[in-house]
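Chains as they are written, first to last, in the numbering used here: chain V, 77 to 346; chain R, 77 to 346.
Quick reminder that beta carbons are idealized off the backbone N, C-alpha and C, glycines included.
This one's a predicted model, so the numbers in the text were calculated from it and none came from an experiment.
Everything on this sheet refers to the single structure shown next.
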């Protein structure tokens, strides 16, 4: 970990007492209001992984965004509610002052080598090097913290939306500046796709993720093997209905291994 | 609600104090070890929805199975950690004695009518009436509590598995005996698909869901309109790797509306 990388600075946690940590939002991950949700999700996971009682690697992480996170300090409370032989279950609360701003749960596991099989196939894409980088959005600082190269479904604000336009995007993604991949970075990358309603409507719409879940297939060695290279991400929504839409994304290694899948429910105002 | 339906009996909660309830596993939902996870998930949601402070309808539910649930009583503790104008965030713990057996979080919301759009399309299927019902499995009592009619991807134990066999299933599902659909029943139905590894391997494999998430698109009126009819469910896995696989399912109304999507990570031993 380089203390100079903005993600490491954003994930820096000061221990307060066993399982309690103080973090601080980082300007490199500023969103329209408060921090980018992927950075907050990564912080909850970082707090679990930093706990001395931690056992195993992430299998599942759910982060619920209970209220706006104000720029500034926050406190994370992590509790290992149950430790089994091969799995460990965590609950997490993030507070600012007296207010809970995030609830989360995580499941860790010690994996064993077993029969394994992939059903989904990595979608074909030209190499990241041959795909142009999307310029960061002026008004959204956190977009500067990712290198995003869209193969399909770019953001095209103020283009006339086709009535049957879908919201699928396929893109190469990595931290910017480059940083060796780990579980916290992967959680952030899993939320780095733009809200599907922006793609669907071809314009800005007020939104906020209410619940984000990441399911991890990779282990630490697979992430280390990716290093600082791009991941290929594939995102879509199934339905927008009365203020909420779902959004799912698969994250593939450059070698075509499925590393993680993320799912979220997002509030929108339209 | 009919107190005579086994699901209502399984979801019966005796109030202990504000936010604390005593439930009891029900033999109609018995699994190989302990209760069917979908019944446990439905109980956590039932406890949230029964709370006097409850505001809105479910948007998101995550249930983590921290340890085996023994047949017998359990205690559910629900906490509304944050209530906003239109959303409400809950944490839930289920205990048996001193042990936490389940952690859960739920997000409720009061929806407003907005622009809405479907991207996913309901897969074509012959009507439920023309699809034969799968016999319940002798050794798994809870399978008697559902009427399942497979259009694609039935369970075929001890058939020679094709090496490239996928684990997609398409099936009509409803409670058995028929029961008017509500959010708790929908959560249970979202977990009623057999573990994908059974379909993939064409045989029994020891498994256990570690984390289950349901994202709800339907409101109560849509569920009431379904009534006691079958839902069309579409389930698949993306990858099996070193002891865990993912499993997702969409649940469609007979009229082709997407009601909910569920995602889980499942432990397997193979």
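Chain V contact residues for residue 242 of chain R, given Cβ-Cβ distances below 8 Å: 195
is_contact[residue 334 of chain R, chain V] using C-beta, thresh 8 Å: yes
Partner residues on chain V for residue 320 of chain R, Cβ-Cβ distance less than 8 Å: 135, 185, 187 and 293
Other residues of its chain near residue 262 of chain V: CB distance less than 6 Å, five sequence neighbours each side excluded: 336
Beta carbon of residue 360 of chain R nearer than 8 Å to that of residue 341 of chain V: Outside the shown range of chain R (77 to 346) lies residue 360 of chain R, about which nothing can therefore be said.
Distance CB(residue 177 of chain R)-CB(residue 123 of chain R) smaller than 8 Å: no
Within chain V, partners of residue 119 of chain R - CB distance below 9 Å: Under the 9 Å cutoff, chain V gives no residues; its nearest Cβ is about 17 Å from residue 119 of chain R.
Partners in chain R for residue 346 of chain V, counting only beta-carbon separations shorter than 8 Å: 190 and 191
Helix, strand or coil at residue 132 of chain R according to DSSP, with G and I counted as helix: coil
Three-state secondary structure assigned by DSSP to residue 83 of chain R: helix
Expected contact under 8 Å - CB spacing of residue 325 of chain V and residue 269 of chain V to nearest Å: 5 Å
Beta strand (DSSP E) runs wholly inside the stretch 147-174 of chain R, at least 3 long, in chain order: 149-159 and 163-172
Proximal chain R residues relative to residue 326 of chain V, where beta-carbon distance stays under 8 Å: 314
Of the residues R:97, R:127, R:138 and R:186, the one placed nearest residue 114 of chain R, counting alpha carbons only: R:138
Contact residues within the stretch 138-150 of chain R, judged by C-beta distance below 7 Å to chain V: 138, 140, 142 and 143
Buried versus exposed call for residue 93 of chain R [16 or more other C-beta atoms within 10 Å across all chains shown]: exposed
Cβ separation of residue 343 of chain V and residue 284 of chain V, assumed to be a contact under 8 Å, to the nearest whole Å: 5 Å
Continuous alpha helix (DSSP H) stretch holding residue 233 of chain R: start and end: Residue 233 of chain R -> no alpha helix (DSSP H), and no H or E assigned at all.
Identity of the residue in V:91, V:296, V:276 and V:309 nearest residue 316 of chain V by Cα: V:276
Same chain, Cβ closer than 6 Å to residue 339 of chain R, five either side skipped, listed in chain order: 289 and 324
Host alpha helix (DSSP H) of residue 114 of chain R (start-end): 113-126
Of the residues R:220, R:264 and R:233, the one placed nearest residue 253 of chain R, counting alpha carbons only: R:220
Cβ of residue 157 of chain R within 8 Å of any chain C Cβ: The structure shown has no chain C; the protein chains it does contain are V and R.
Contact with chain R by residue 289 of chain V, beta-carbon distance below 8 Å: yes
Per-residue burial, residue 331 of chain V [other beta carbons within 10 Å of its own, 16 or more giving buried]: exposed
Min CB distance residue 163 of chain R to chain V below 8 Å: yes
Residue 273 of chain V classed as buried or exposed, judged by whether at least 16 other C-beta atoms fall within 10 angstroms: buried
Proximity below 8 Å, CB of residue 346 of chain R to CB of residue 163 of chain V: no
Start-to-end residues for the beta strand (DSSP E) that takes in residue 224 of chain V: 222-228
Beta strand (DSSP E) runs contained entirely in the stretch 265-322 of chain R, provided each spans 3 or more residues: 283-292, 307-312 and 315-317
For residue 116 of chain V and residue 148 of chain V, believed in contact at Cβ under 8 Å, the rounded distance: Their Cβ separation, rounded to whole angstroms, is 13 Å, which puts residue 148 of chain V and residue 116 of chain V out of contact at 8 Å.
Same chain, Cβ closer than 7 Å to residue 293 of chain R, five either side skipped, listed in chain order: 334, 335 and 336
Identified DSSP bridge partners for residue 91 of chain R: R:97
Those residues which DSSP pairs with residue 213 of chain R across a bridge: Answer is none; residue 213 of chain R lacks a bridge partner.
Distance, residue 255 of chain V Cα to residue 231 of chain R Cα: 45 Å
Rounded separation between residue 103 of chain V and residue 90 of chain V - CA only: 18 Å
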